[in-house]
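The numbering of the first sequence is our numbering, which starts it at 848 and goes up by one. From the three backbone atoms N, C-alpha and C, an ideal C-beta is built for every residue, glycine too.
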Amino acid sequence: MPELPEVETVRRGLSALVIDKKVIGVDVIYPKIIVGDPSEFKEQVSGRTISAIDRRGKYLLFRFSADLTMVSHLRMEGKYSVKDAAVPLDKHTHVVFNFDDGTQLRYNDVRKFGRMQLVETGMEKMLPSLQKLGPEPTPETFDAQAFYQALHRRKKAVKTALLDQTLVVGLGNIYVDEVLWQTKIHPETKCANITEQQALVLHDNIILELERAIAAHGTTVFTFTDANSHSGSFQNQLNVYGKKGEPCPRCQTPIQKIVVGQRGTHFCPHCQQVI
DNA sequence: ATCTGTGTTCGTTA
DNA sequence: ATAACGAACACAGA
């Protein structure tokens, strides 16, 4: 569930808690979270200080001293927290970074889907998963015309295309349903059938929606919380996600739920028609 | 008790 | 190249 707004919320909260802290040791409780050799991971990170936390798409980039970067993806339920070492570990804590001040950065993930990988700072761009990423959804980096042209060349359903992170990064299953509702586009519309006019509005709505969600500290559906265990509040601003059977806020037609590309998909059958 | 739904990315297949 | 689909996992709820 962490989509871009949730990852950004985590990044901001966590930055305040761990920047300038020095790691003196790492406990890897569930090794599969680490991409590569876990012992090498521990060895590499130990002794280094966290200088910054950046973000690219839904990936967190922990910057360690001396040009080491940890690329971290939370997938569905990954969470970070900072606790005193005396506080007992949670059942689903898989990696623990011990700081020299007696606190710990803990990685918790019920589903165990999240991954962490070390690379030399700057080289993260070369990882296949980051290399394929489209632009960040900001006015400076996300070009409306280029978006329309790229959409035009695709044949699959617009929802599926928006989820694959190549046209633009950051949308997941919740926000994609929301922006398509706002733009009055049916989620199964083939990309190539989207008009230039629609593409431009969709572009603007993607930027605005993600900005609004960040301002609300993300959406807490199911289990998302930030590094301080705080929930986001954007779920109060959702129009269609999780609203099956409830009236569309625009036209009162009951919201429908279907499956598109194996994903639960919410839309208004009156406002959003296939073209 | 077994089955389904939950979401992101990756690897395999067409 | 592009698209489609199962796998990786755990758990709540029917």
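Q: Under 6 Å Cβ to Cβ from Gln951, same chain only, skipping five residues before and after it: list those, please.
A: Lys930, Ala932, Val943, Asn945
Q: Label Met970 either buried or exposed according to how many other C-beta atoms from any shown protein chain fall within 10 Å of its C-beta, with 16 as the threshold for buried.
A: exposed
Q: Check whether the Cβ atoms of Val1087 and Asp990 lie closer than 9 Å to each other.
A: no
Q) Which one of Ile871, Arg962, Gln978, Gln1084 has the shortest CA to CA distance from Leu1057? A) Gln1084
Q: Compute the distance between the beta-carbons of Ile900 and Ser862, then report whether it is under 9 Å.
A: yes
Q.
Along the chain, where does the beta strand (DSSP E) containing Leu907 start, and where does it finish?
A. 906-911
Q. Residues in its own chain within less than 7 Å of Leu1014 by CB, not counting five upstream and five downstream?
A. Gly981, Phe994, Ala997, Leu998, Ala1008
Q. How is Val854 classed by DSSP in three states: helix, strand or coil?
A. helix
Q. Hey, would you say Gly872 sits closer than 9 Å to Ser893, going by beta carbons?
A. yes
Q.
Let me check understanding here. Comparing Cα to Cα, which of Ser886, Leu921, Arg922, Leu864 lies closest to Thr896?
A. Leu864
Q. Hey, which unbroken runs of the alpha helix (DSSP H) at 4 residues or more fall wholly within the segment 1002-1058?
A. 1005-1010, 1020-1030
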